[in-house]
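The opening residue of the sequence shown carries number 181 in the numbering used here; numbering runs sequentially from there. Each residue gets a CB set at the ideal place from its N, CA and C atoms; glycine is no exception. Computed from a prediction, not measured in an experiment: that's the story for all the values here.
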Amino acid sequence: MTVTVDDLDKNEPVDRIHFERRLWEEGMQRVMGLDEVGRGCLAGPVVAAGVIFEAGTFVEEIKDSKALSLADRKRLSRHIKEEARFWTVRWCMPREIDELNILHASIKAMHKCSEAEQAAPDYLLVDGNRFSPGLCPHQCLVRGDDRSMSIAAASIIAKVYRDEWMRNLHEEYPYYGWNTNVGYPTRQHFEGLQEYGATRYHRQSFKLRTDKMIEEKNNSKGKGTFG
Numbered sequence: 181m182t183v184t185v186d187d188l189d190k191n192e193p194v195d196r197i198h199f200e201r202r203l204w205e206e207g208m209q210r211v212m213g214l215d216e217v218g219r220g221c222l223a224g225p226v227v228a229a230g231v232i233f234e235a236g237t238f239v240e241e242i243k244d245s246k247a248l249s250l251a252d253r254k255r256l257s258r259h260i261k262e263e264a265r266f267w268t269v270r271w272c273m274p275r276e277i278d279e280l281n282i283l284h285a286s287i288k289a290m291h292k293c294s295e296a297e298q299a300a301p302d303y304l305l306v307d308g309n310r311f312s313p314g315l316c317p318h319q320c321l322v323r324g325d326d327r328s329m330s331i332a333a334a335s336i337i338a339k340v341y342r343d344e345w346m347r348n349l350h351e352e353y354p355y356y357g358w359n360t361n362v363g364y365p366t367r368q369h370f371e372g373l374q375e376y377g378a379t380r381y382h383r384q385s386f387k388l389r390t391d392k393m394i395e396e397k398n399n400s401k402g403k404g405t406f407g
């Protein structure tokens, strides 16, 4: 089942435990929120997180990670890990992404979270509109990271974890601006690719050259001289 944005009254304030509360009232005590980050990146893993709170928990500050400052994300990530009944982070590396495609790799990373040792969720709340059914029942929520506290918590943990990972990789590969773009397509990232080529962390199934780079390469063909 997928719940879209249109299913809600846009004038109503967002109740970020609306979905959790309903499930808790039905007796499901281990509701896991799932989200992933890094789908649109040219390099690095796609990272997913799963978070389960004690029934009845509500932390007002927990919301979509994209709406938070870096400092708030880090602080809330620590707080969530302390307060959650269970949390986990899992990922798929670029090789898996190239083999599966980014959608299926993202779903696989989220399944790894739900199947983690000691997770044992009763129900999954999944950000987005695509997920593959498993043994555990689930519900997809479009823009779920802004509508479910559990999904928002997962988005915060996943983003902090992945961003730190990419900033650490920047020390090894300082040419692509990963300390600021964390693998997303930016001018600096493309310029690094043009000058230094791809690394083992780049996704070969993604477009790693801009149209301008391809045009420049094509224009340079046949310009050699003959003695």
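In this structure, R342 keeps its C-beta atom at 9 Å or more from the C-beta atom of G213. With fewer than 16 other CB atoms across the displayed protein chains lying within 10 angstroms of its CB, G377 is exposed. The three-state secondary structure of Y303, taken from DSSP, is strand. Secondary structure of M212 (DSSP, three-state): strand.
Bridge partners of F266 according to DSSP: I232. In the three-state scheme derived from DSSP, where H, G and I count as helix and E and B as strand, C272 is classed as strand. Your pair R383 and L222 checks out as a contact, with CB atoms roughly 6 Å apart and the cut at 8 Å.
Between W271 and A289, the CB-CB gap stays under 9 Å. Taking every protein chain shown into account, the CB of L250 has fewer than 16 other CB atoms within 10 angstroms, so this residue is exposed.
If you check the CB distance, S312 and V226 do not come in under 9 Å. Cα atoms of Q209 and S330: separation of roughly 13 Å, rounded to the nearest angstrom.
A378 is bridged by DSSP to nothing; it lacks a bridge partner. In this structure G308 is buried. Its beta-carbon is surrounded by 16 or more other beta-carbon atoms within 10 angstroms. For Y341, the enclosing alpha helix (DSSP H) covers residues 329-352.
Nearest in C-alpha terms to G236, of all of L203, H284, I337, is L203.
The C-beta of G363 has 16 or more other C-beta atoms within 10 Å across all chains shown, which makes the residue buried. In the three-state reduction of the DSSP assignment, A223 falls in the strand class, which pools E and B. In the same chain as Y303, and ignoring 5 residues on each side of it, the C-beta atoms closer than 8 Å to its own belong to L203, M208, R210, V211, M212, C316, P317, H318, Q319, in chain order. Cα atoms of E375 and Q298: separation of roughly 46 Å, rounded to the nearest angstrom. For V217, the pairing in a beta bridge is given by DSSP as V227.
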